[in-house]
Amino acid sequence: MTKENRTDGTERGTDRHRGRQQCLWCHLPVIQSSTGRPRKYCSQACRQWDWVTRQRSAELSLSEKELVITRDALDTLKDRIYELACAVEDVEGDLEPGLDPTLRDYRKALEWVLEAARPLVREPLFTGVRR
Ligand SMILES: [Zn+2]
Numbered sequence: 221m222t223k224e225n226r227t228d229g230t231e232r233g234t235d236r237h238r239g240r241q242q243c244l245w246c247h248l249p250v251i252q253s254s255t256g257r258p259r260k261y262c263s264q265a266c267r268q269w270d271w272v273t274r275q276r277s278a279e280l281s282l283s284e285k286e287l288v289i290t291r292d293a294l295d296t297l298k299d300r301i302y303e304l305a306c307a308v309e310d311v312e313g314d315l316e317p318g319l320d321p322t323l324r325d326y327r328k329a330l331e332w333v334l335e336a337a338r339p340l341v342r343e344p345l346f347t348g349v350r351r
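Shown next as structure tokens:
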């Protein structure tokens, strides 16, 4: 959906973030300063973790497309995706047109999906690298 398609004049998230630089490590938007070179990382910590992982990748002879992560980080990611998938499935059932959902139902459904999605977008998964 584009900005023009919205009746309230607001932009959707994907439109609002289009063209913004994402952090090469955590993929959050990077706030650019008005001077200097464009930033590639949102923080010094992300720059450092990216550097460390590149060093470790080189030590292990991994290609650019391969990555070693902890089982805990992978399990956490899988859990968060599973929780979001369950919320989507719940909402699809709750808002089935045959049930004639009310505005309150839509509101509750949105809150439920947002609650499941927030950990994926707000809480960093890979904040550390084992040495
Ligand atoms: Zn970052």
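Going from the sequence shown to the numbering used here is simple: count from 1 and add 220. Yeah, the Cβ is synthetic: ideal placement off N, Cα and C, and Gly gets one too. These figures come from a predicted structure and were not determined experimentally.
Check your understanding: Taking C-beta to C-beta, are Pro321 and Leu315 nearer than 8 angstroms?
Key -> yes
Check your understanding: Exposed or buried, what is Trp269 when buried is set at 16 or more other beta-carbons lying within 10 Å of its beta-carbon?
Key -> buried
Check your understanding: Exposed or buried, what is Cys306 when buried is set at 16 or more other beta-carbons lying within 10 Å of its beta-carbon?
Key -> exposed
Review point. What runs of the alpha helix (DSSP H), each 4 residues or longer, lie entirely inside the stretch 241-301?
Key: 264-279
Review point. Looking at C-alpha atoms only, which residue of Pro249, Asp310, Gln241, Leu319 is the closest neighbour of Ala336?
Key: Asp310
Review point. For ligand 1, any of its heavy atoms closer than 7 angstroms to the Cβ of Ser263?
Key: yes
Check your understanding: Which residues in the same chain have their Cβ closer than 6 angstroms to the Cβ of Cys262, if we skip the five residues on either side of it in sequence?
Key -> Cys243, Leu248, Val250
**Study point:** Cβ neighbour criterion (16 or more within 10 Å) applied to Trp245
**Key:** buried
Review point. Would you say Trp245 touches ligand 3, meaning its beta carbon is less than 7 angstroms from a heavy atom?
Key: Ligands in the displayed structure: ligand 1; ligand 3 is not one of them.
Check your understanding: Among Lys328, Thr273, Val333, Cys266, which has the Cα closest to the Cα of Val308?
Key -> Val333
Check your understanding: Do the CB positions of Arg259 and Gln241 come within less than 8 angstroms of each other?
Key -> yes
Check your understanding: So with Cβ pairs under 8 angstroms, would you call Thr290 a contact of chain B?
Key -> Absent here is chain B; the protein component of the structure consists of one chain.
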